[in-house]
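Residue numbers (this note's numbering): 5 to 433. Ideal Cβ placement from N, Cα and C applies to all residues, glycine included. Have a look at the structure below, then the notes.
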Ligand SMILES: Cc1ncc(COP(=O)(O)O)c(C=O)c1O
């Protein structure tokens, strides 16, 4: 590799992921030599003459710092520059609106992030775009759900929050045979542990808010595809709806990305240790983690382990004995773990999906998907796992002692009520 101001990662070297995360697609600043792309906080770019500019015209269309992040994320998956958005949900919206028209149909995993379900129900359905929620762990069910107007299959694996797995290669075969595009929301594993494009998917999508930026500092989203025409179309739609990432957020995400391989493996190690500890705790009813022998989809988990080098990510879901009231007491009793909505960052976060991330998913759909009222989602951070375990041990013990008030306080009870109707909803992110 030359030490000049050339673009790193463009010489055809077969770099490991650790190198790609730090060097891939990154170019020192051509004007100063700064090794980090500066934050270009500018709305517009001065033209040298009519029709003559340096590649950027207006920051709703493109911005140099955002472009640097796009090159880095593309390089990580052996793809052209990714397309970066203001949030993960903006990326999902951008994908759906770029591929689907009124009358079209999309097949979606029956367990996905709650915001994806809300987008389908309250934005896309009124536009005439229909969706079928299908058990995508069964490729036959995916094939059966694809109709003449199906344009896209959208899967999440491991799915938020039950960690249900889908075999990307099998579903990709079905999609190819039917001429339908396959998108994978790979937010939970990231390209470090799973590379959907190498497994036959057309699109890999990320909430960069989670592991990619990884420090609870930004919201953002990205889409990677090797389909150049789709990449162009995504950019045109992003410019048309105005959902590009902001430069400072892009810069922070570039910084976070460098340590992604180190962080996601450490998150995974701690998560496995905590899942094993929870599983043997007498107050815990069940634990969902693909790295545990008890995980229901044994064969799919083994297949994932082969691809990921035995790492299964940092999310563990569990239920405590005593149902929802006991679960709420645990979430209210933690001190180190923070009761909050995000995942995939340095701080351990504990979330109650039914009242928080999946509050807008209709109750019947939640119940079918196994998102029970008592389910707790733990995003294992990078603190000492011993400290996290000590915090959980204390919370489980204090939850086992019923409080004088009889358990769940009034505010918590109110939260657990099903939301009135999708259209009326403003809560739940
Ligand atoms: C799997 C998954 N995809 C997408 C999103 C949406 O991302 P964002 O919150 O950045 O809009 C989330 C958010 O929790 C998520 O968990």
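Three-way DSSP call (helix, strand, coil) for residue i in this model
{"i": "residue 290", "result": "strand"}
{"i": "residue 58", "result": "coil"}
{"i": "residue 433", "result": "coil"}
{"i": "residue 105", "result": "coil"}
{"i": "residue 179", "result": "helix"}
{"i": "residue 18", "result": "coil"}
{"i": "residue 278", "result": "helix"}
{"i": "residue 160", "result": "strand"}
{"i": "residue 225", "result": "strand"}
{"i": "residue 391", "result": "helix"}
{"i": "residue 351", "result": "coil"}
{"i": "residue 100", "result": "helix"}
{"i": "residue 302", "result": "helix"}
{"i": "residue 217", "result": "coil"}
{"i": "residue 155", "result": "strand"}
{"i": "residue 211", "result": "strand"}
{"i": "residue 185", "result": "strand"}
{"i": "residue 403", "result": "helix"}
{"i": "residue 381", "result": "strand"}
{"i": "residue 72", "result": "helix"}
{"i": "residue 90", "result": "coil"}
{"i": "residue 322", "result": "strand"}
{"i": "residue 245", "result": "helix"}
{"i": "residue 66", "result": "coil"}
{"i": "residue 297", "result": "coil"}
{"i": "residue 194", "result": "helix"}
{"i": "residue 272", "result": "helix"}
{"i": "residue 121", "result": "helix"}
{"i": "residue 342", "result": "strand"}
CB-CB length for residue i against residue j, believed under 8 Å
{"i": "residue 350", "j": "residue 385", "result": "5 Å"}
{"i": "residue 110", "j": "residue 189", "result": "Residue 110 to residue 189, Cβ: 13 Å. No contact."}
{"i": "residue 287", "j": "residue 325", "result": "6 Å"}
{"i": "residue 43", "j": "residue 69", "result": "5 Å"}
{"i": "residue 25", "j": "residue 256", "result": "No, residue 25 and residue 256 are not in contact; Cβ-Cβ is about 15 Å, not under 8 Å."}
{"i": "residue 258", "j": "residue 79", "result": "About 12 Å separates the two Cβ atoms, so there is no contact after all."}
{"i": "residue 201", "j": "residue 81", "result": "5 Å"}
{"i": "residue 352", "j": "residue 400", "result": "Residue 352 to residue 400, Cβ: 15 Å. No contact."}
Contact with chain E by residue i, beta-carbon distance below 8 Å
{"i": "residue 302", "result": "You won't find chain E in this structure, because it holds only one protein chain."}
Contacts around residue i, its chain only, beta-carbon distance under 7 Å, and the 5 residues preceding and following it disregarded
{"i": "residue 242", "result": "87, 89, 98 and 248"}
{"i": "residue 175", "result": "140, 143, 146, 157, 159 and 186"}
{"i": "residue 304", "result": "141, 169 and 171"}
{"i": "residue 395", "result": "338, 339, 340 and 341"}
{"i": "residue 203", "result": "172, 173 and 176"}
{"i": "residue 231", "result": "206"}
{"i": "residue 83", "result": "201, 228, 229 and 230"}
{"i": "residue 199", "result": "81"}
{"i": "residue 239", "result": "87"}
{"i": "residue 197", "result": "268, 312, 315 and 317"}
{"i": "residue 373", "result": "114, 115 and 166"}
Same chain, Cβ closer than 8 Å to residue i, five either side skipped, listed in chain order
{"i": "residue 20", "result": "none"}
{"i": "residue 106", "result": "131, 132 and 133"}
{"i": "residue 213", "result": "91, 92, 222, 223, 224, 225, 346 and 348"}
{"i": "residue 361", "result": "117, 118, 119, 164, 165, 345, 355, 381, 432 and 433"}
For residue i, the nearest candidate out of the options (CA to CA)
{"i": "residue 318", "options": "334, 131 and 293", "result": "293"}
{"i": "residue 168", "options": "308, 27, 26 and 37", "result": "308"}
{"i": "residue 334", "options": "380, 254 and 257", "result": "380"}
{"i": "residue 75", "options": "337, 306, 291 and 229", "result": "229"}
{"i": "residue 182", "options": "320, 149, 166 and 201", "result": "149"}
{"i": "residue 194", "options": "36, 289, 219 and 161", "result": "161"}
{"i": "residue 322", "options": "165, 301 and 206", "result": "165"}
{"i": "residue 40", "options": "31, 77, 103 and 260", "result": "31"}
{"i": "residue 114", "options": "375, 137 and 37", "result": "137"}
{"i": "residue 275", "options": "252, 328, 327 and 389", "result": "389"}
{"i": "residue 391", "options": "277, 210 and 198", "result": "277"}
{"i": "residue 64", "options": "224, 57 and 46", "result": "46"}
{"i": "residue 252", "options": "67, 271, 302 and 49", "result": "67"}
{"i": "residue 101", "options": "129, 358 and 376", "result": "129"}
{"i": "residue 191", "options": "179, 184 and 211", "result": "211"}
{"i": "residue 393", "options": "285, 50 and 23", "result": "285"}
Beta-carbon proximity list for residue i, same chain, < 6 Å, skipping 5 on both sides
{"i": "residue 283", "result": "291"}
{"i": "residue 331", "result": "324, 378 and 380"}
{"i": "residue 279", "result": "291, 293, 296 and 320"}
{"i": "residue 155", "result": "103, 104 and 108"}
{"i": "residue 124", "result": "135"}
{"i": "residue 218", "result": "260, 267 and 349"}
{"i": "residue 119", "result": "93"}
{"i": "residue 365", "result": "118 and 121"}
{"i": "residue 411", "result": "Its pLDDT being 44, under 50, residue 411 is placed unreliably in this model, and the value from its coordinates should be taken loosely. Correct list, in chain order: 329."}
{"i": "residue 344", "result": "353"}
{"i": "residue 254", "result": "69, 70 and 73"}
{"i": "residue 357", "result": "165, 375, 379 and 381"}
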